[in-house]
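Written out below as C-alpha coordinates is the structure these notes cover.
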Amino acid sequence: MRSFEGQHSDNVAIKRTREQKQRQLVQLKEQVATLKAHAAPAIREALVKRIAELDAELRQPVKPAREGREGREGRGEGREDAPRHPRREARASVFRAEDSNDRSAAVTAASVFASPRRRS
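Everything in the sequence shown is counted per the UniProt record's numbering, starting at 1 for the first residue and increasing by one.
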(Lines of atoms letter the chains of each structure in order from A; the text may use other names.)
(Lines give C-alpha, C1' and ligand atoms only; values in the text may rest on other atoms or scores of the structure.)
Protein backbone atom coordinates (compact mmCIF):
# COMPACT_ATOMS: atom_id res chain seq x y z
CA MET A 1 0.00 0.00 0.00
CA ARG A 2 1.32 3.44 -0.86
CA SER A 3 1.42 6.27 1.59
CA PHE A 4 0.58 8.84 -1.08
CA GLU A 5 0.02 8.93 -4.80
CA GLY A 6 3.01 9.86 -6.94
CA GLN A 7 5.73 8.79 -4.54
CA HIS A 8 9.09 7.64 -5.91
CA SER A 9 8.23 3.94 -5.83
CA ASP A 10 5.33 4.40 -8.26
CA ASN A 11 6.69 2.39 -11.18
CA VAL A 12 9.29 5.01 -12.09
CA ALA A 13 12.28 3.97 -14.17
CA ILE A 14 15.60 4.23 -12.37
CA LYS A 15 17.81 6.81 -14.04
CA ARG A 16 21.43 5.72 -14.38
CA THR A 17 24.48 7.51 -15.66
CA ARG A 18 26.46 6.15 -18.57
CA GLU A 19 29.17 4.84 -16.22
CA GLN A 20 26.60 3.03 -14.08
CA LYS A 21 25.13 1.42 -17.19
CA GLN A 22 28.58 0.27 -18.29
CA ARG A 23 29.24 -1.25 -14.86
CA GLN A 24 25.86 -2.98 -14.92
CA LEU A 25 26.55 -4.36 -18.39
CA VAL A 26 29.84 -5.87 -17.21
CA GLN A 27 28.13 -7.39 -14.15
CA LEU A 28 25.34 -8.90 -16.23
CA LYS A 29 27.82 -10.43 -18.67
CA GLU A 30 29.70 -11.98 -15.74
CA GLN A 31 26.45 -13.36 -14.35
CA VAL A 32 25.55 -14.98 -17.68
CA ALA A 33 29.04 -16.47 -17.92
CA THR A 34 28.83 -17.94 -14.41
CA LEU A 35 25.33 -19.40 -14.77
CA LYS A 36 25.19 -23.13 -14.19
CA ALA A 37 23.95 -25.43 -16.93
CA HIS A 38 20.86 -26.32 -14.90
CA ALA A 39 19.80 -22.66 -14.40
CA ALA A 40 16.28 -21.84 -15.50
CA PRO A 41 16.09 -20.80 -19.17
CA ALA A 42 13.88 -17.84 -18.22
CA ILE A 43 16.70 -16.40 -16.09
CA ARG A 44 19.17 -16.75 -18.91
CA GLU A 45 16.74 -15.15 -21.38
CA ALA A 46 16.04 -12.22 -19.05
CA LEU A 47 19.76 -11.57 -18.56
CA VAL A 48 20.47 -11.77 -22.29
CA LYS A 49 17.55 -9.43 -23.02
CA ARG A 50 18.76 -6.85 -20.47
CA ILE A 51 22.31 -7.09 -21.84
CA ALA A 52 20.99 -6.40 -25.35
CA GLU A 53 18.98 -3.39 -24.09
CA LEU A 54 21.96 -1.91 -22.23
CA ASP A 55 24.24 -2.53 -25.19
CA ALA A 56 21.82 -0.72 -27.50
CA GLU A 57 21.59 2.23 -25.08
CA LEU A 58 25.36 2.50 -24.79
CA ARG A 59 25.83 2.41 -28.58
CA GLN A 60 23.76 5.56 -28.98
CA PRO A 61 25.80 8.77 -29.17
CA VAL A 62 26.21 10.76 -25.99
CA LYS A 63 23.74 13.60 -25.73
CA PRO A 64 25.33 17.03 -25.24
CA ALA A 65 24.83 18.53 -21.80
CA ARG A 66 21.99 21.01 -21.63
CA GLU A 67 22.63 24.53 -20.42
CA GLY A 68 22.40 25.00 -16.70
CA ARG A 69 22.77 21.31 -15.91
CA GLU A 70 26.56 20.95 -15.76
CA GLY A 71 26.95 20.44 -12.03
CA ARG A 72 24.10 18.16 -11.04
CA GLU A 73 26.26 16.01 -8.72
CA GLY A 74 27.42 18.98 -6.68
CA ARG A 75 23.96 20.47 -6.46
CA GLY A 76 23.67 22.92 -3.63
CA GLU A 77 27.36 22.89 -2.75
CA GLY A 78 29.09 26.12 -3.62
CA ARG A 79 26.13 27.46 -5.55
CA GLU A 80 24.65 30.50 -3.94
CA ASP A 81 22.25 31.10 -6.82
CA ALA A 82 20.63 27.67 -6.47
CA PRO A 83 16.88 27.83 -5.90
CA ARG A 84 15.77 26.94 -2.40
CA HIS A 85 12.52 25.62 -1.15
CA PRO A 86 10.56 28.14 0.89
CA ARG A 87 10.62 27.51 4.60
CA ARG A 88 7.40 26.58 6.23
CA GLU A 89 5.98 29.07 8.60
CA ALA A 90 5.45 27.98 12.17
CA ARG A 91 2.01 26.54 12.66
CA ALA A 92 -0.31 28.44 14.89
CA SER A 93 -1.33 26.53 17.95
CA VAL A 94 -4.72 24.91 18.10
CA PHE A 95 -6.12 27.50 20.48
CA ARG A 96 -6.04 31.10 19.40
CA ALA A 97 -5.80 32.17 23.02
CA GLU A 98 -2.41 30.46 23.29
CA ASP A 99 -1.07 32.59 20.44
CA SER A 100 -1.59 35.77 22.38
CA ASN A 101 0.27 36.88 25.46
CA ASP A 102 -2.85 36.61 27.63
CA ARG A 103 -2.27 33.44 29.66
CA SER A 104 -5.61 33.56 31.48
CA ALA A 105 -7.48 32.85 28.24
CA ALA A 106 -5.08 30.01 27.41
CA VAL A 107 -5.73 28.34 30.72
CA THR A 108 -9.47 28.49 30.22
CA ALA A 109 -9.24 27.14 26.69
CA ALA A 110 -7.07 24.25 27.84
CA SER A 111 -9.29 23.52 30.82
CA VAL A 112 -12.40 23.30 28.64
CA PHE A 113 -11.01 20.24 26.88
CA ALA A 114 -9.43 18.67 29.95
CA SER A 115 -10.83 15.43 31.29
CA PRO A 116 -13.49 15.73 34.01
CA ARG A 117 -11.16 14.24 36.61
CA ARG A 118 -8.56 16.97 36.07
CA ARG A 119 -10.94 19.93 36.15
CA SER A 120 -11.03 20.10 39.92
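C-beta atoms are modelled at their ideal positions from N, C-alpha and C, and glycine is treated no differently. All of these numbers come straight from a predicted model, not from anything done at the bench.
For V12, no alpha helix (DSSP H) run applies, since DSSP gives it neither H nor E. In the structure shown, the three-state DSSP call for Q27 is helix. Linking A39 to A65 through their CA atoms gives a straight-line distance of about 42 angstroms.
Per DSSP, the unbroken alpha helix (DSSP H) holding E53 starts and ends at 41-59.
K29 and V12 have their C-alpha atoms spaced approximately 25 angstroms apart. In the three-state reduction of the DSSP assignment, A37 falls in the coil class, being assigned neither a helical nor a strand state. At a Cβ-Cβ threshold of 8 angstroms, R18 and V62 count as neighbours. Going by C-alpha positions, V48 is about 19 angstroms away from I14.
The beta carbon of L25 sits closer than 8 angstroms to those of I51, L54, D55, L58, all from its chain and outside the five residues before and after it, given in chain order. Less than 8 angstroms separates the beta-carbon of V32 from that of R44.
Apart from the 5 residues on each side of it in sequence, K21 sits with its Cβ closer than 7 angstroms to the Cβ of L54, E57, L58 in its chain, given in chain order.
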